[in-house]
Every structure is written in C-alpha cells, then in structure tokens.
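In the working numbering, the protein residues as written are 79 to 235.
In this text, a Cβ means the ideal position worked out from N, Cα and C, and glycines have one as well.
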C-alpha cells in the first residue's frame, strides 16, 4: 500500500461534469476543433506556397501588354504631331484619319485582356504520370471479363 492511501480525500460539493455538458455551443471542445482546422488550413497554404512555379511564364503576358502599350503611346505621339501640322490637301487629311483609326484600333486591342494560352498554375490538381502510362481497356469482346459463373456440378468444368 502506498503512503498516500491513509490521507483522507477531500469531499467537494462539485461533481464531475456529465457528458451532456460537452454538447452544444458552449463546449470547451470547440477550441480543439478550431486548432485542428487552423492547422489544416496552414498546411494547405504551405503546400500551395512551396510549389515551384514558372514566374517568367506567368508574367510574360503582362510584359507583352506593356510593350504593346508603349508602342501605342509612341504611335499616339506621332499622330498628335501629324494632327498639329497644317493640312494642305485632302490626301494629308485621309492619312491623318487613317493614322487615328489605326491608333484607335490598337488602343481597343489593349482593352481586351491578355490571357495565357496554357494554364499557368493553380487551375487544376496535378495529374499522376502513371495515368498517362496506364493502358486503356479495349472496347468490345476483348474488354469483357473471361470469368464465368460456377457450374452446378463440381465435376463439370
């Protein structure tokens, strides 16, 4: 027997909580649930932020759009200089109108979003290389199972 067996146990008016007390909105177990959920979210973000990405391919459409915008600005500057010059004949008026219409069409092309031709990343889950190597089942009789139901007589095969 241990030496603590002789000490009297304290008698308290409080009893142990019943299992019904842990159900509902005031349950102290919600803290454990929130901690597990926060850990799961942190793990999910960690796996997304640590994936290798090709950032040059991601930012290439933006660089192309910036280059196109600079070209349009240079064209606008040239068309403004042409518009400031006095117009002598109808030909110069047609050339100025053509320059302005080309500039307007280039500006409208810039308003359309430049989207990459292929998915850059984050659009779909990765596909296992084993799926590409796996043979596909053949259609027709070759694809059917060769199993037959058991015979009623065990001697007959």
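Endpoints, the alpha helix (DSSP H) within which residue i is located
{"i": "residue 102", "result": "From DSSP, residue 102 is part of no alpha helix (DSSP H); its letter is neither H nor E."}
{"i": "residue 120", "result": "108 to 127"}
Pairwise C-alpha distance: residue j and residue i
{"i": "residue 117", "j": "residue 102", "result": "23 angstroms"}
{"i": "residue 178", "j": "residue 157", "result": "7 angstroms"}
{"i": "residue 221", "j": "residue 125", "result": "Since pLDDT at residue 221 reaches only 49, below the 50 mark, its modelled position is unreliable, and the value read off the structure follows with that caveat. Those two C-alpha atoms are separated by around 40 angstroms."}
{"i": "residue 142", "j": "residue 129", "result": "26 angstroms"}
{"i": "residue 114", "j": "residue 146", "result": "49 angstroms"}
Simplified DSSP assignment, three categories, for residue i
{"i": "residue 242", "result": "Given a span of 79 to 235 for the chain in the structure shown, any question on residue 242 remains unanswerable."}
{"i": "residue 89", "result": "coil"}
{"i": "residue 186", "result": "helix"}
{"i": "residue 131", "result": "coil"}
{"i": "residue 147", "result": "helix"}
{"i": "residue 141", "result": "helix"}
{"i": "residue 174", "result": "helix"}
{"i": "residue 152", "result": "helix"}
Exposure label - residue i; buried when at least 16 CB within 10 Å
{"i": "residue 131", "result": "exposed"}
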